[in-house]
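To start, the structure under review is shown below, and the notes come after it.
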Amino acid sequence: MTAVTVPVATRLEARGLVREFAGGAGVHGVDLTVEPGEIHAIVGLNGAGKTTLMRLLLGMLRPTAGSVCIDGIEIARGAASRWSRVGQLVEHPLAYAELDGRSNLIVAARLHGAERRAAGALVDRAIAEFDLGRYASVRASRLSLGNRQRLGLAAALQHDPALIVLDEPTNALDPAGVILLREALLRRAGADAGILVSSHHLDEVARIADRITVVNAGRTIGSLDPGGVDLERAFFAMLLDDDRARDRADDPAGDREREAAA
Amino acid sequence: MTAGFGTAITVEARKAAASRVMASITVILLVGVALLALGMLIGAGSGDEQLLAKLGPLARLGGWVGLVGVVSQITSAGGLLAFGVALSWLFGREFADGTIGGLFALPVRRSTIALAKLAVYVVWAAGVAVLLTAVVAILGLAFGYGATDPSGVVELLRIPVLVVLTALIAVPAAWIATLGRGLLPGIAATVVLLVLAQVMAVVGIGAWVPIVAPALLAIDPAAVPLVSLAIVPSVPVAFGALAALAWSRLQLDR
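Protein chains in written order, with the working numbering: chain L, 23 to 284; chain U, 116 to 369.
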């Protein structure tokens with residue numbers, strides 16, 4: 023008997039993404055993939071375009087050029103139901119101030135397509151996984167920023183999405199929350215989810231990422247080896263090279279003058 | 116669509132029921148209208164000619180007609196403001212609280228969520244209509260109109276009609292709150308609607324203008340043909356569709 027292997031589609035694939043804002047900010051032609059079982063981290067300084075990129079990947083912004091496919095289907099086409107396989111947290115957690123922790127998770131589970139009964143079971147599991155038992159009956163308005171973030175992460179991950187997109191997920195988390203998140207992501211990657219995370223924290227990224235892509239001035243400029251020894255030095259060297267290359271491109275005459283002066 | 120709409124209704128109803136904003140608006144509207152009406156009834160009962168002159172012709176009517184007339188005038192203005200604030204909160208809070216980002220990348224479409232918000236709003240407004248009618252009935256009975264004016268009790272039926280029509284003409288606030296990405300633009304739109312409706316109604320024009328008809332109904336019911344009330348739902352239909360379209364086409368680009 024011959025074993026049949028079913029090809030697994032790339033979880034996320036962006037090609038030539040462009041979205042520019044007044045003043046030159048935005049994303050200027052980004053290609054990016056996330057494979058099943060892979061944790062792909064994007065790192066960059068504030069304003070590098072990480073959040074804009076994630077918004078484009080999730081349909082929060084429409085690109086002026088380029089395309090985004092999830093599981094091989096372009097996001098502008100296809101049924102709305104395909105989004106039930108996606109979990110995301112970009113900037114603010116989905117935590118309504120007037121609802122308690124449990125109700126917020128129920129709302130998120132229902133919005134991600136879970137039926138009423140299934141939602142209850144998902145939420146029980148998420149409360150245990152993210153250690154939210156103490157806050158299950160506390161209104162989100164009374165939660166600390168870190169606990170709101172933890173609640174938002176649980177809301178984004180509890181339905182076991184096949185594609186996870188998280189923007190700076192460790193923001194405001196305490197060390198225990200960071201470890202919970204790390205374990206939750208590794209578990210899901212182990213179950214073939216494709217995961218894209220953005221971060222400033224190179225140490226944290228190096229612990230979990232299979233691939234690290236550096237973003238600068240709205241472009242991907244290279245990758246870092248998660249097992250590398252001095253990630254910070256390599257990161258800044260890459261940014262410096264890119265900034266210099268762009269300066270030269272923008273002002274070739276000034277570059278010749280600088281070289282002459284040197 | 117149907118399954119998504121059911122889910123969106125459940126979610127929006129849960130949020131509205133837990134919200135202190137919606138509960139506060141309900142209480143302020145009911146208590147505010149009751150206290151103002153009570154004050155006017157006591158003033159009218161005092162027989163003070165100067166006060167009666169200030170209160171206008173409604174105060175002299177007495178009985179259910181006078182009470183319902185007073186309540187209608189207060190509701191057509193104060194109610195519109197309350198409904199506009201409620202809609203501004205229902206739609207604008209997602210932007211103000213930053214929760215709008217969580218409403219992307221979902222199997223429930225954003226336009227469906229917007230329509231569910233409107234559906235929950237209409238059900239809430241119908242509840243307010245019933246409660247306000249009950250409050251006015253209690254007020255009238257407390258003043259003895261049950262015995263002195265038993266046939267006039269039918270006037271009470273004007274209140275739920277007016278409340279629902281007033282709620283329907285506030286729907287543009289939902290669209291403006293979406294375009295303006297917050298509560299304040301919706302509230303500002305409500306104030307503009309309120310001024311337009313009241314001024315045109317006082318001047319006596321606009322029975323055929325849907326946003327004016329409810330205010331005119333409160334001031335001078337005889338001046339408003341039944342058919343002109345029937346076109347009031349065109350306001351929520353048109354502006355509800357615009358709000359749903361705005362949610363569907365939404366981008367987080369500001």
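The C-beta atom is built at its ideal place from N, Cα and C for all residues, glycine as well.
Could you say if the segment 208-223 of chain U and the segment 106-120 of chain L meet the contact criterion of at least three C-beta pairs nearer than 8 angstroms? Here the segment 208-223 of chain U makes contact with the segment 106-120 of chain L; the two share three or more CB pairs at distances below 8 angstroms.
CB contact check: methionine 23 of chain L to chain U, cutoff 8 angstroms: Model confidence at methionine 23 of chain L stands at a pLDDT of 45, short of 50, so the residue's coordinates are unreliable; what they give is reported in the following sentence. Output row for methionine 23 of chain L: interface = no.
Please report whether the beta-carbon of serine 89 of chain L lies at a distance below 8 angstroms from any beta-carbon of chain U. Among the residues facing chain U, serine 89 of chain L is not included, as its CB has no counterpart in that chain under 8 angstroms away.
Find the nearest neighbour of valine 148 of chain U within the set U/Leu246, U/Gly121, U/Asp212 and U/Ala168, judged by alpha-carbon distance. For valine 148 of chain U, the nearest C-alpha among the options comes from U/Leu246.
For serine 221 of chain L, which option in L/Val52, L/Gly71, L/Thr55 and L/Gly48 has the closest C-alpha, if you only look at C-alpha atoms? It is L/Gly71.
Out of U/Gly319, U/Ala345, U/Leu195 and U/Pro287, point me to the one whose CA is closest to isoleucine 143 of chain U's CA. Looking at the Cα atoms, U/Leu195 is the closest of the given residues.
Who are the near neighbours of aspartate 153 of chain L in its chain, counting only those whose CB is closer than 7 angstroms to its CB and skipping five residues on each side? Here the set comprises Leu202.
Per DSSP, cross-strand counterpart(s) of histidine 62 of chain L: In DSSP, histidine 62 of chain L forms a bridge with L/Leu218 and L/Arg233.
From this set, L/Ile186, L/Asp232, L/Gly48 and L/Ala206, which residue's C-alpha is nearest threonine 73 of chain L's C-alpha? Distance check between threonine 73 of chain L and each of L/Ile186, L/Asp232, L/Gly48 and L/Ala206 places L/Gly48 closest, using alpha-carbon atoms only.
Mind listing which residues of the segment 216-240 of chain U have their C-beta closer than 8 angstroms to chain L's C-betas, in chain order? Answer set for the segment 216-240 of chain U: Gly216, Gly217, Leu218, Phe219, Ala220, Leu221, Pro222, Val223 and Arg224.
The alpha helix (DSSP H) enclosing glutamate 151 of chain L, as first and last residue numbers: From DSSP, the alpha helix (DSSP H) with glutamate 151 of chain L extends over 138-151.
Quick one: measure Cβ to Cβ for alanine 194 of chain L and glutamine 180 of chain L, integer angstroms, because I've assumed they're closer than 8 angstroms. Actually they are not in contact, since the Cβ atoms of alanine 194 of chain L and glutamine 180 of chain L sit about 19 angstroms apart, beyond 8 angstroms.
Run down chain U in chain order and give the residues with a C-beta less than 7 angstroms from the C-beta of leucine 116 of chain L. When 7 angstroms is used as the limit between beta carbons, leucine 116 of chain L is near these residues of chain U: Thr214 and Gly217, in chain order.
In angstroms, rounded to a whole number, what distance separates the CA positions of glycine 295 of chain U and aspartate 247 of chain L? Looking at the two C-alpha atoms, the distance is approximately 44 angstroms.
So what does glutamate 96 of chain L bridge to, in DSSP terms? For glutamate 96 of chain L, which the question treats as bridged, DSSP gives the partners L/Cys91.
May I ask you to report which of helix, strand or coil DSSP gives aspartate 272 of chain L? Aspartate 272 of chain L: helix per DSSP, three-state reduction.
In whole angstroms, what is the alpha-carbon distance linking alanine 119 of chain L and serine 163 of chain L? The alpha-carbon atoms of alanine 119 of chain L and serine 163 of chain L are separated by roughly 4 angstroms.
Look at the alpha carbon of glycine 213 of chain U and the alpha carbon of alanine 359 of chain U, and state the distance between them as a whole number of angstroms. As the crow flies, the alpha-carbon of glycine 213 of chain U is around 19 angstroms from that of alanine 359 of chain U.
Which residues of chain B have a Cβ atom closer than 7 angstroms to the Cβ of valine 126 of chain U, listed in chain order? Given the protein chain composition of this structure (L and U), no chain B is represented.
Should alanine 133 of chain U be flagged as near chain L, meaning a C-beta pair shorter than 8 angstroms? Yes, contact with chain L.
Report the residue from U/Pro351, U/Val352 and U/Leu332 whose alpha carbon sits nearest the alpha carbon of serine 343 of chain U. Taking only the C-alpha atoms, the option nearest serine 343 of chain U is U/Leu332.
Considering only residues of the segment 273-308 of chain U, which uninterrupted beta strand (DSSP E) runs meet the minimum length of 3 residues and lie entirely inside it, listed in chain order? Along the segment 273-308 of chain U, the beta strand (DSSP E) does not occur as any fully enclosed run of 3 or more residues.
Please say whether glycine 168 of chain L and aspartate 146 of chain L have beta carbons closer to each other than 8 angstroms? At the C-beta level, aspartate 146 of chain L and glycine 168 of chain L stay beyond 8 angstroms of one another.
Report the option in U/Gln188, U/Ile157 and U/Ala192 whose CA atom is closest to the CA atom of leucine 311 of chain U. Shortest Cα-Cα distance from leucine 311 of chain U to any of U/Gln188, U/Ile157 and U/Ala192 involves U/Ala192.
Less than 8 angstroms between the beta carbons of arginine 33 of chain L and proline 85 of chain L, yes or no? No, the pair does not count as a contact, with Cβ atoms beyond the cut-off.
Residues of its chain near glycine 121 of chain U, where Cβ-Cβ distance is below 8 angstroms and the 5 sequence neighbours each way are ignored: Answer for glycine 121 of chain U: no residue qualifies.
Own chain, CB closer than 6 angstroms to isoleucine 149 of chain L, minus 5 neighbours either side, in chain order: Apart from the 5 residues on each side of it in sequence, isoleucine 149 of chain L sits with its Cβ closer than 6 angstroms to the Cβ of Gly155 and Ala158 in its chain, given in chain order.
Evaluate contact between the segment 272-292 of chain U and the segment 194-210 of chain U, counting only Cβ atoms and requiring at least three cross-stretch pairs below 8 angstroms. Three or more beta-carbon pairs drawn from the segment 272-292 of chain U and the segment 194-210 of chain U are found closer than 8 angstroms, and the two stretches are therefore classed as touching.
For chain U, find out if any of its Cβ atoms is closer than 8 angstroms to the Cβ of serine 220 of chain L; answer yes or no. Interface residue (Cβ-Cβ distance to chain U less than 8 angstroms): serine 220 of chain L is not classified as such.
Starting from serine 363 of chain U, trace the alpha helix (DSSP H) in both directions and tell me its first and last residue. Segment 349-363, the alpha helix (DSSP H) holding serine 363 of chain U.
Limits of the beta strand (DSSP E) - the one that glutamine 110 of chain L falls within: Per DSSP, glutamine 110 of chain L belongs to the beta strand (DSSP E) from 108-111.
Within the 8 angstroms Cβ cut-off, does alanine 206 of chain L reach chain U? Taking Cβ atoms only, chain U never reaches closer than 8 angstroms to alanine 206 of chain L, which makes this a no.
Roughly how many angstroms separate the alpha carbons of tryptophan 243 of chain U and alanine 201 of chain U, rounded to a whole number? Going by the sequence as given, residue 243 of chain U is valine instead of tryptophan. Each residue's Cα considered, the two are about 12 angstroms apart.
Give the residues of chain L in contact with glutamine 366 of chain U, contact being defined as C-beta atoms less than 7 angstroms apart. Annotation: Cβ neighbours of glutamine 366 of chain U in chain L (cutoff 7 angstroms, chain order): Met82, Leu83 and Arg84.
Candidates U/Ala231, U/Ile157 and U/Ala240: which alpha carbon is nearest glycine 181 of chain U's? Closest by alpha carbon: U/Ile157.
Close beta carbons around leucine 233 of chain U, own chain, < 6 angstroms, minus the five adjacent residues each side: Closer than 6 angstroms at Cβ, skipping near neighbours: Gly355.
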